[in-house]
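Residue numbers (my numbering): 333 to 723. Even glycine gets a Cβ: it sits at the ideal position worked out from N, Cα and C. Here is the structure we will look at, set down as structure tokens.
Here it is as structure tokens:
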């Protein structure tokens, strides 16, 4: 092949500005029609598949202890734990009726990052501007004032129902997670604390045996040496090595005081075991309920009923059992208030209607335009290839 032939082929492969202009003159009508069709299809798709969006603002109320219901740490824990809880609800087929699709979205971490946005007392810009004023504002940058939930739906009513359901799951799920942690703590306590109390009882019983033997021996010495009852001239610790030189009556009193102290310790540990038995009785009724519902507020109500029934049967003289039930009652009420009055909305959800019409229309237009452009260019290349092959 000669250099002249190669130069001729290079010239054929080059695309000149005139070729582009000629191509557009011949294809502009098809490109415009394709763009119009694409825009129309994008608009129709938006009308058909487009969704409404609704917002719901939950106030993070301040409680009587001058602390907010959710701090930054507890909110981050909820963001990580609630998707797992939603996934568990789906796996066990316990999602509310007609809300399976919503719960599948709630099971995604990204949904909570995008659709549950906290509002802080100070924005990052405010914190930066006020950084030099004082340290009192350091905590304000992480103080959550409210949480804005966003949900979508095929209709305005559906979007509002979805955002209400999402807010309900936030509260009931948060309460459930805290109750589960509470029950797990009591369950661990009944195992470790019971073993610890029994160990202390055994050790105290062994020590008390030696104390009683020491007291018996001192009584015998006192009978043999009744003159050794002169009062002590100085205060000496009965357990000190020099205590053996104290008057026998003083030593006997000290030995009996040690015995009484051991008896008191035994009584305390036995009452502790009785208290743990009450905790175990509570757990035997509470744990099965934990697996029947994932609604934490409903579970909290049922646990309060169990606590009330145990209190009614409790002996009035059982102060340790009373202390446990009082502590349990306070914690259950705290969780109930935290996820009802602590997180509540003072306005109804608002729906802003469908969004994204311009985006959908422009997307359809551009997609159809470039698709038609590629098709036309392909046809042009194919014609050139065929004509080249014929030559």
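Three CB pairs or more closer than 8 Å across the segment 597 to 612 and the segment 638 to 654:
yes
Considering only the beta carbon of each residue, do residue 446 and residue 522 sit closer than 8 Å?
no
Straight-line gap, residue 566 to residue 545 (C-alpha atoms, nearest Å)
For residue 566, the pLDDT reaches just 49, beneath the cut-off of 50, and the residue's location in the model is therefore unreliable, although a value from the coordinates is still provided. Answer to the nearest angstrom: the Cα atoms are 26 Å apart.
Could you spell out the range, first to last residue, of the beta strand (DSSP E) harbouring residue 482?
From DSSP, the beta strand (DSSP E) with residue 482 extends over 476 to 485.
Measuring alpha carbon to alpha carbon, tell me which of 509, 448 and 505 ends up nearest residue 484.
Comparing Cα-Cα distances from residue 484 to each of 509, 448 and 505, the minimum goes to 448.
Assuming contact is defined by CB atoms lying nearer than 8 Å, are residue 497 and residue 384 in contact in what I supplied?
no
Residues bridged to residue 389 [DSSP beta-bridge criterion]:
Bridge partners of residue 389: 480.
With DSSP as the reference, please indicate the residues paired to residue 676 in a beta bridge.
391
Taking buried to mean at least 16 other C-beta atoms within 10 Å of its own C-beta, is residue 694 buried or exposed?
exposed
Give me the Cα-Cα distance between residue 590 and residue 643, rounded to the nearest whole angstrom.
36 Å
Based on Cα-Cα distance, which residue from 536, 450 and 420 lies nearest to residue 437?
420
Alpha carbon of residue 534 to alpha carbon of residue 527, nearest angstrom:
11 Å
Member of 386, 393 and 481 whose CA lies at the smallest distance from the CA of residue 411:
481
Since residue 389 and residue 478 are thought to touch, with beta carbons under 8 Å apart, how far apart are those beta carbons, to the nearest angstrom?
5 Å
Residue 413 - partner residues in DSSP beta bridges
Its beta-bridge partners do not exist; DSSP assigns none.
Where do the N-terminal and C-terminal ends of the beta strand (DSSP E) with residue 452 fall, by residue?
Annotation for residue 452: the continuous beta strand (DSSP E) segment containing it runs 448 to 452.
Out of 495, 540 and 365, point me to the one whose CA is closest to residue 681's CA.
495
In angstroms, rounded to a whole number, what distance separates the CA positions of residue 616 and residue 512?
One C-alpha to the other measures close to 14 Å.
Would you mind stating whether residue 639 and residue 664 have Cβ atoms separated by less than 8 Å?
yes
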